[in-house]
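A.B. asks: Before anything else, here's the structure in question.
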Amino acid sequence: MEGDPVMECIQSQLVAGAPELQQTNNNIEAETDEVIVSTQEQAILHQRLLYAPEDDERVSSEQVPVLMDDEFSSDSDSDIEPDLPPGLDGAAFQSRLPANKLTRQEIDFFPDIASGSQSAIMEFLRIRNKLLQAWLHDPLNELTADKAQSIANIPHSVSGKSNLVLRIHGYLSRYGFINFGVFKQQNPLEGKMPFKVLVIGGGISGLMTARQLQYFGLDVSILEARDRIGGRVNTFRKGAYSADLGAMVVTGLGGNPLSVIRKQVGLQMSKIRRRCPLYYTTGEMVPRERDRTVELEFNRLLDTVSYLSHHLQVDQLNGHSLSLGEALELLIELQEKHSREKLKEHLTIMSSLQLELKGIYTQIKEIQMKLKEGQERQRQLLEAHGNNPNDIDFIKRSTEQDLYQLFQQYDTLHEQRQDIENRLDEAEDTDIPAVYLSPRDRQILDWHFANLEFANASPLNVLSLRHWDQDDDFEFTGAHLCLRDGYDALPKSLSKGLDIRLKTAVTAINYSADGTEVIATSTESGCTNTFKADAVVVTVPLGVLKAGAITFQPPLPEWKQQAINDLGFGLLNKVILCFEQRFWDANVHLFGHVASSTTSRGELFMFWHLSFTPVLIALLAGEDAVKYESLPDDVVTAKAMAVLRSIFGDNSVPEPKETFVTRWRGDEYARGSYSYIASGSSGNDYDFLAASVSPTRAGSTVPRPRLFFAGEHTIRNYPATVHGALLSGLREAGKVADFLLGASYTPRPLSSSAEVAQPPVTLSELI
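First residue of the sequence shown? That's 1 in the UniProt record's numbering, and the numbers climb one at a time after it.
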């Protein structure tokens with residue numbers, strides 16, 4: 001890599017941070033009086049928590065927390081609802097739509113509007129946004145077509161515009177922008193449409209799909225292999241204790257459909273406090289400045305790999321595709337090399353100055369000797385010829401000229417000596433670090449890396465360098481929240497009134513242009529049942545698809561199977577620890593444990609407290625999530641307790657009353673935690689996974705979509721999240737209904753609105 005302009009450009013992005021890092025380290029080494037709680041940029045869980053600093057809060061590592069009655073007190077709507085743009089703009093924002101332009105989906109479904117005048121487009125947007133606003137104002141009651149006409153304030157006599165209102169209302173309702181979740185239908189349909197739909201999987205996406213299809217009047221059944229609903233949303237409950245084993249954070253309500261469902265079913269949410277003190281394995285709290293400086297370097301590294309991959313278009317080295325982790329380690333290696341080179345250069349300069357100074361001292365000594373000799377010679381001559389005034393004058397003139405020249409040389413050398421000594425003093429006062437990261441700096445950096453592995457459910461060395469964060473622009477706004485009664489309150493609410501067949505494991509799906517046949521086995525009796533349907537929505541986790549647990553006949557198209565193979569499906573595990581009383585700071589909802597080595601950085605690196613009861617949730621991320629899954633519960637629990645006692649002291653941490661260790665990889669109905677973009681994959685794979693499979697009849701060219709797919713692994717803009725799973729369910733319900741019931745809101749032929757069995761080439765979110 002020597003002389004490589006790309007590497008030089010990369011290094012130039014980083015080197016500016018090294019002096020600040022070292023200076024902060026020097027300042028920290030001198031601190032002995034107090035430490036201030038550090039706060040972290042949290043790339044938390046697939047929900048990506050971002051915590052800001054709180055400089056005014058200080059916590060001693062010796063503090064014993066006190067139970068506070070208001071620790072999880074109810075937050076008012078003003079506390080948890082995000083600030084939205086006013087009026088119609090805010091309604092569009094909350095619905096994830098641009099207020100002042102058509103989405104790609106709207107252009108597709110309303111070509112007559114899209115190709116019309118600007119005034120026609122603006123009228124469409126006005127009506128659309130007013131209907132969104134009305135729904136968000138009262139999500140407990142169905143927004144009917146008649147009410148939509150009234151809201152749009154267009155007389156029935158104006159048939160063209162009146163029909164447009166009905167079309168917009170139909171579209172918004174069909175694709176779950178309005179009339180979704182748990183609401184009162186004003187005019188429930190009598191009976192069901194003569195179409196049967198099977199939803200495979202009773203997680204959030206499956207429940208949302210089924211609920212919406214049932215609202216559309218279709219006959220829907222959910223086939224769920226487990227003995228419970230919720231999928232990867234599961235809450236541990238034992239006595240008074242509770243803890244979320246899977247999803248546990250709502251990442252803001254600004255744009256989040258959970259904001260609507262919260263109001264519909266009364267989900268109780270509380271803000272998660274932002275402070276996250278970090279502790280070394282010795283129990284010392286990480287000083288604020290050291291953590292912030294390392295965090296700054298962490299962000300600088302991420303910015304640089306982004307620059308490397310997106311601007312320089314570099315994602316390979318010597319023909320090898322670089323992962324995010326490999327790129328980060330390469331940059332650290334370059335910085336370490338740069339630090340060594342700077343130190344070598346500094347020492348070389350000092351050595352050169354010392355040699356130069358030594359030479360000057362030698363010259364000064366020689367001149368001093370010459371001066372002494374000249375003065376002695378002058379004395380001897382004067383003694384020998386001192387009786388003759390003319391001789392004395394001649395001797396003085398002849399010898400003093402030589403002495404004068406020696407004095408001039410001495411003065412010059414003296415000035416040079418002072419200059420070099422000043423430069424040496426300055427060089428000695430300049431602290432050039434021998435390394436880029438001290439051992440403790442690297443430990444803190446590894447904590448941030450573990451947090452990033454937590455966010456992606458994956459070791460960094462398998463994440464795509466270029467695409468790992470492709471969904472960042474779609475994060476919601478507002479405070480990050482927890483559900484005070486457990487996240488399982490959500491699937492319980494969504495499941496009411498649905499036909500759900502528990503303990504029914506689907507093993508095969510046969511499909512053709514004429515319909516589908518689903519073969520399932522009872523996990524209780526072992527009996528096999530066959531279900532027939534007009535359409536099937538597959539919502540099982542990506543891990544189940546990867547494992548080939550469901551056989552498709554005919555096999556899935558190559559582009560679909562390739563996406564299943566390429567997209568990553570990661571792992572995050574938790575250790576639930578229930579205590580008789582709290583021994584940690586009641587004001588802290590999470591704290592971090594900084595591991596002693598890179599290889600163990602994800603080992604119990606963070607503890608959460610999000611419950612009314614004294615319960616801690618310890619996280620296992622990255623390679624450690626995999627490693628710990630093979631260990632017995634008592635070993636895992638003992639390791640977690642050892643970490644807590646290293647932080648709070650042996651005498652402060654009692655034995656837990658209850659424990660639970662998750663093993664999501666070993667769960668045959670999950671096979672992991674959530675999706676990530678693996679090296680060699682991209683956001684396009686989410687689109688491939690979302691695309692329906694549409695066989696054609698013999699002799700026909702018209703595709704008939706029969707297989708539909710939903711889940712967090714099928715939604716490009718919101719992957720690895722509960723809200724993403726929910727939105728994917730709304731999307732697929734709309735697609736299924738379009739195929740089976742028709743799309744009255746669009747003038748285009750239904751056949752053209754159905755997806756064909758070809759890999760999608762554009763974003764599926766249509767915004």
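The beta-carbon is built from N, C-alpha and C at its ideal position, and this holds for glycine as well. Because the structure is a prediction, the values reported are computed rather than measured.
Return yes when the Cβ of Phe180 is within less than 7 Å of the Cβ of Leu730, no when it is not.
C.D. replies: Yes; because the gap between Cβ atoms is below 7 Å, this pair is in contact.
A.B. asks: Who are the Cβ neighbours of Ser374 in its own chain at under 7 Å, not counting the five residues just before and after it?
C.D. replies: The identity of residue 374 in the sequence shown is Gly, whereas the question assumes Ser. Same-chain partners within the cutoff: Thr399, Asp402, Leu403, Leu406.
A.B. asks: Under 6 Å Cβ to Cβ from Asn529, same chain only, skipping five residues before and after it: list those, please.
C.D. replies: Here the set comprises Ala520.
A.B. asks: Have a look at Ser323, His311, Leu331, Leu317 and flag the residue whose alpha-carbon is nearest the alpha-carbon of Glu297.
C.D. replies: Looking at the Cα atoms, Leu331 is the closest of the given residues.
A.B. asks: Between which two residues does the alpha helix (DSSP H) harbouring Lys546 extend?
C.D. replies: Counting along the chain, the alpha helix (DSSP H) containing Lys546 begins and ends at 542-546.
A.B. asks: How far does the beta strand (DSSP E) with Gln553 in it reach, from first residue to last?
C.D. replies: Looking at the DSSP string, the run of the beta strand (DSSP E) that includes Gln553 is 551-553.
A.B. asks: Report yes or no: do three or more beta-carbon pairs, one from the stretch 499-506 and one from the stretch 223-234, lie closer than 8 Å?
C.D. replies: Yes, since at least three Cβ pairs between the stretch 499-506 and the stretch 223-234 fall closer than 8 Å, the two stretches touch.
A.B. asks: Kindly give me the distance between the Cβ atoms of Arg706 and Pro695, rounded to whole angstroms, as I take these residues to be in contact under 8 Å.
C.D. replies: Right, their Cβ atoms sit about 6 Å apart.
A.B. asks: Reducing DSSP to helix, strand and coil, say where Gln118 ends up.
C.D. replies: DSSP places Gln118 in helix when its eight states are reduced to three.
A.B. asks: Could you spell out where the beta strand (DSSP E) holding Leu253 opens and where it closes?
C.D. replies: Premise fails: Leu253 is in no beta strand (DSSP E) and is neither H nor E.
A.B. asks: Flag this pair as yes or no: are the beta carbons of Leu726 and Ile715 separated by less than 7 Å?
C.D. replies: No.
A.B. asks: Can you tell me which of the three DSSP states Asn422 falls into?
C.D. replies: Three-state DSSP puts Asn422 in a helix.
A.B. asks: Report buried or exposed for Ile717, applying the criterion of at least 16 other Cβ atoms within 10 angstroms of its Cβ.
C.D. replies: With the sequence shown as reference, residue 717 is identified as Asn, and Ile is not the correct amino acid for it. Label assigned to Asn717: buried.
A.B. asks: So, helix, strand or coil for Thr304, using DSSP?
C.D. replies: Thr304: helix per DSSP, three-state reduction.
A.B. asks: With a cut-off of 8 Å, do at least 3 Cβ pairs link the stretch 484-501 to the stretch 263-271?
C.D. replies: The stretch 484-501, when compared against the stretch 263-271, does touch it at the 8 Å Cβ threshold.
A.B. asks: Go ahead and pull the three-state DSSP assignment for His320.
C.D. replies: Strand.
A.B. asks: Using the three-state DSSP reduction, which class does Gly90 fall into: helix, strand or coil?
C.D. replies: Three-state result, Gly90: helix.
A.B. asks: Is it right to say Arg126 is buried, meaning 16 or more other beta carbons lie within 10 angstroms of its own, or is it exposed?
C.D. replies: So Arg126 counts as exposed.
A.B. asks: Shortest alpha-carbon distance to Gly666 belongs to which of Glu629, Asn684, Ser682?
C.D. replies: The shortest Cα separation from Gly666 among Glu629, Asn684, Ser682 belongs to Glu629.
A.B. asks: Taking the beta strand (DSSP E) that Val575 falls in, what are its first and last residues?
C.D. replies: Start and end: 573-578.
A.B. asks: Contact check, Phe605 vs Leu590 under 8 Å by CB: the rounded distance?
C.D. replies: Between Leu590 and Phe605 the Cβ distance is about 11 Å, and since that is not below 8 Å, they are no contact.
A.B. asks: State the CB to CB distance for the pair Val182 and Val199, rounded to an integer number of angstroms; the pair is presumed to be in contact (CB under 8 Å).
C.D. replies: Not confirmed; about 17 Å, so no contact.
A.B. asks: Have a look at Gly252 and Ala625 and give me their C-alpha separation to the nearest angstrom.
C.D. replies: Spanning the two alpha carbons is a distance of roughly 26 Å.
A.B. asks: Which of the three DSSP states is assigned to Thr721 in this structure?
C.D. replies: Three-state DSSP puts Thr721 in coil, outside helix and strand.
A.B. asks: Less than 7 Å separating the beta-carbons of Ala450 and Gly602?
C.D. replies: Yes, the Cβ-Cβ distance between Ala450 and Gly602 is below 7 Å.
A.B. asks: Under the rule that 16 or more other beta-carbon atoms within 10 Å means buried, what is Gln185, buried or exposed?
C.D. replies: It counts as exposed.
A.B. asks: Restricting to Cα atoms, I'd like to know which of Leu218, Met122, Glu81 is closest to Asp738.
C.D. replies: Minimum Cα distance to Asp738 is reached at Leu218.
A.B. asks: Which residues in the same chain as Ala145 place their Cβ atom closer than 6 Å to its Cβ, once the five residues preceding and following it in sequence are excluded?
C.D. replies: Result list for Ala145: Leu166, His169, in chain order.
A.B. asks: Look at the alpha carbon of Trp468 and the alpha carbon of Ala678, and state the distance between them as a whole number of angstroms.
C.D. replies: Computed Cα separation, rounded: 7 Å.
A.B. asks: Please list the terminal residues of the continuous beta strand (DSSP E) segment that includes Val199.
C.D. replies: Its beta strand (DSSP E) spans residues 196-200.
A.B. asks: Name the one or two DSSP bridge partners that Tyr279 has.
C.D. replies: The partner list for Tyr279 (beta bridge, DSSP) reads Met285, His593.
A.B. asks: Keeping to the same chain, check which residues put their C-beta closer than 8 Å to that of Phe93; ignore five residues upstream and five downstream.
C.D. replies: Excluding residues within five positions, the ones whose Cβ falls inside 8 Å are Leu84, Pro85, Ala99, Gly254, Gly255.
A.B. asks: Under the three-state reduction of DSSP, which class applies to Ile519: helix, strand or coil?
C.D. replies: Strand.
A.B. asks: Buried or exposed for Ala321, going by 16 or more other Cβ atoms inside 10 Å?
C.D. replies: Here residue 321 is Ser; the residue named in the question, Ala, does not match the sequence. Burial call: exposed.
A.B. asks: Along the beta strand (DSSP E) that carries Phe531, what are the first and last residues, could you check?
C.D. replies: Residues 528-533.
A.B. asks: Express the C-alpha separation of Asp291 and Ser38 in angstroms, rounding to a whole number.
C.D. replies: With a pLDDT of 31 at Ser38, under the threshold of 50, the modelled position of this residue cannot be trusted, and the question is left open.
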